[in-house]
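This report concerns only the one structure given below.
In this note's numbering, the protein residues as written are 3 to 101.
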(Lines of atoms letter the chains of each structure in order from A and count residues from 1; the text may use other names and numbers.)
(Lines give C-alpha, C1' and ligand atoms only; values in the text may rest on other atoms or scores of the structure.)
Protein backbone atom coordinates (compact mmCIF):
# COMPACT_ATOMS: atom_id res chain seq x y z
CA UNK A 1 0.00 0.00 0.00
CA UNK A 2 1.42 3.42 -0.87
CA UNK A 3 2.58 5.82 1.84
CA UNK A 4 1.83 9.54 1.77
CA UNK A 5 2.90 12.56 3.76
CA UNK A 6 0.20 15.12 4.47
CA UNK A 7 1.29 18.67 5.25
CA UNK A 8 -1.24 20.70 7.23
CA UNK A 9 -1.36 24.45 7.86
CA UNK A 10 -2.99 25.26 11.17
CA UNK A 11 -4.87 28.49 11.93
CA UNK A 12 -2.92 31.52 13.21
CA UNK A 13 -4.82 31.43 16.50
CA UNK A 14 -6.91 28.86 18.29
CA UNK A 15 -10.35 29.83 19.55
CA UNK A 16 -12.32 28.01 22.24
CA UNK A 17 -14.16 25.85 19.69
CA UNK A 18 -10.84 24.68 18.22
CA UNK A 19 -9.41 23.89 21.65
CA UNK A 20 -12.58 22.00 22.64
CA UNK A 21 -12.13 19.67 19.63
CA UNK A 22 -8.53 18.72 20.45
CA UNK A 23 -9.39 15.70 22.69
CA UNK A 24 -11.73 14.28 20.03
CA UNK A 25 -9.07 14.91 17.37
CA UNK A 26 -6.36 13.18 19.45
CA UNK A 27 -8.65 10.16 20.01
CA UNK A 28 -9.23 9.90 16.25
CA UNK A 29 -5.50 10.20 15.50
CA UNK A 30 -4.64 7.61 18.15
CA UNK A 31 -7.16 5.16 16.67
CA UNK A 32 -5.62 5.60 13.20
CA UNK A 33 -2.15 5.08 14.70
CA UNK A 34 -3.32 1.84 16.32
CA UNK A 35 -4.79 0.70 12.99
CA UNK A 36 -1.51 1.61 11.19
CA UNK A 37 -3.33 4.00 8.88
CA UNK A 38 -1.15 6.75 10.36
CA UNK A 39 2.53 5.92 10.74
CA UNK A 40 3.67 9.25 12.20
CA UNK A 41 2.01 12.46 13.41
CA UNK A 42 3.87 15.68 14.20
CA UNK A 43 3.04 19.33 14.90
CA UNK A 44 5.70 22.04 14.67
CA UNK A 45 6.87 23.73 17.89
CA UNK A 46 5.23 27.00 16.83
CA UNK A 47 1.97 25.09 16.14
CA UNK A 48 1.66 26.51 12.64
CA UNK A 49 2.15 23.28 10.64
CA UNK A 50 1.68 19.56 10.97
CA UNK A 51 2.84 16.45 9.13
CA UNK A 52 1.03 13.15 9.00
CA UNK A 53 2.55 10.08 7.37
CA UNK A 54 -0.29 7.85 6.23
CA UNK A 55 -0.90 4.63 4.33
CA UNK A 56 -3.66 4.62 1.73
CA UNK A 57 -4.71 3.32 -1.65
CA UNK A 58 -4.46 6.76 -3.28
CA UNK A 59 -4.02 10.45 -2.56
CA UNK A 60 -7.81 10.81 -2.80
CA UNK A 61 -8.33 8.06 -0.20
CA UNK A 62 -5.85 9.73 2.15
CA UNK A 63 -7.52 13.11 1.64
CA UNK A 64 -10.89 11.51 2.46
CA UNK A 65 -9.48 10.33 5.80
CA UNK A 66 -8.01 13.78 6.53
CA UNK A 67 -11.45 15.27 5.85
CA UNK A 68 -12.72 13.18 8.79
CA UNK A 69 -10.27 14.79 11.23
CA UNK A 70 -12.31 16.64 13.87
CA UNK A 71 -10.12 19.74 13.29
CA UNK A 72 -10.40 19.53 9.50
CA UNK A 73 -12.55 22.65 9.09
CA UNK A 74 -9.89 24.71 10.88
CA UNK A 75 -7.05 23.65 8.58
CA UNK A 76 -5.99 26.39 6.19
CA UNK A 77 -4.10 24.27 3.69
CA UNK A 78 -3.63 20.56 3.04
CA UNK A 79 -1.03 19.01 0.74
CA UNK A 80 -0.87 15.27 0.05
CA UNK A 81 2.31 13.83 -1.47
CA UNK A 82 3.00 10.19 -2.26
CA UNK A 83 6.35 9.01 -0.94
CA UNK A 84 8.81 6.91 -2.91
CA UNK A 85 10.71 5.88 0.23
CA UNK A 86 9.62 5.96 3.87
CA UNK A 87 12.05 4.53 6.42
CA UNK A 88 11.64 4.83 10.15
CA UNK A 89 13.17 3.24 13.21
CA UNK A 90 9.67 2.43 14.46
CA UNK A 91 9.01 0.23 11.42
CA UNK A 92 12.06 -1.95 12.05
CA UNK A 93 12.18 -5.07 14.15
CA UNK A 94 12.86 -4.39 17.83
CA UNK A 95 16.39 -4.87 19.10
CA UNK A 96 16.75 -8.34 20.61
CA UNK A 97 18.50 -8.57 23.96
CA UNK A 98 19.82 -11.93 25.11
CA UNK A 99 19.83 -10.79 28.76
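Beta carbons are placed, not taken as given, at the ideal position from N, Cα and C, and that holds for glycine.
If you're wondering where the values come from, they're calculated on a predicted model, not measured in any experiment.
Beta-carbon gap between residue i and residue j smaller than 8 Å
i	j	result
residue 55	residue 9	no
residue 16	residue 72	no
residue 3	residue 69	no
residue 76	residue 20	yes
Nearest-angstrom Cα separation, counted from residue j out to residue i
i	j	result
residue 44	residue 28	12 Å
residue 40	residue 87	16 Å
residue 81	residue 24	21 Å
residue 50	residue 34	22 Å
residue 78	residue 65	14 Å
residue 37	residue 92	15 Å
residue 98	residue 57	27 Å
residue 32	residue 100	32 Å
residue 83	residue 67	14 Å
residue 61	residue 18	32 Å
residue 7	residue 22	26 Å
CB-CB length for residue i against residue j, believed under 8 Å
i	j	result
residue 85	residue 52	Incorrect: roughly 16 Å between the Cβ atoms, too far for contact.
residue 90	residue 47	No, residue 90 and residue 47 are not in contact; Cβ-Cβ is about 20 Å, not under 8 Å.
Query - Whole runs of the beta strand (DSSP E) within the segment 22 to 79, excluding any shorter than 3 residues - result: List check, beta strand (DSSP E) in window: 40 to 45 and 51 to 57.
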